[in-house]
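Working notes for the structure below.
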Amino acid sequence: MVRQIRHAMPELEVVVEECIAEGNRVVTWSTLIGTIEQPAFGYPPSDKVLSISAMAFWSITPTQQVQEICTMFDMESFRAQLGLDTRPYAEKALP
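Next up, the structure:
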């Protein structure tokens, strides 16, 4: 997934807004800023600079290696910035 995002948005900037760590767990809140230059995940290229909020939950091994990452993106805001229809509120929880 990271490779697809980097391919679609080669000049992507990731701003870490906040980072909280305790034990082997880390949570980051980030803002991804960039322009979609190649189609990705079914979304078309756009000349608009987009700003996407993301939260990531990391598990770190005792040797400081990333064991697992679970990331959530604000896709409704992303779709709105592209000028695409957003889903009604009741449908947002559906896959």
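Numbering of the sequence shown is given in this note's numbering, commencing with residue 202 and proceeding in unit increments. Note that CB positions come from ideal geometry on N, CA and C, so glycine has one too.
Non-local C-beta neighbours of leucine 283 in its own chain, meaning closer than 6 Å and more than five positions away in sequence, comprise Ser247, ordered along the chain.
Residue pairing by DSSP places isoleucine 261 opposite Val267 in a beta bridge. Under DSSP, threonine 287 shares a beta bridge with no residue. In this structure, methionine 273 sits near alanine 255, with a CB-CB distance shorter than 8 Å. With respect to alanine 209, isoleucine 253 sits apart: the two C-beta atoms are not nearer than 8 Å.
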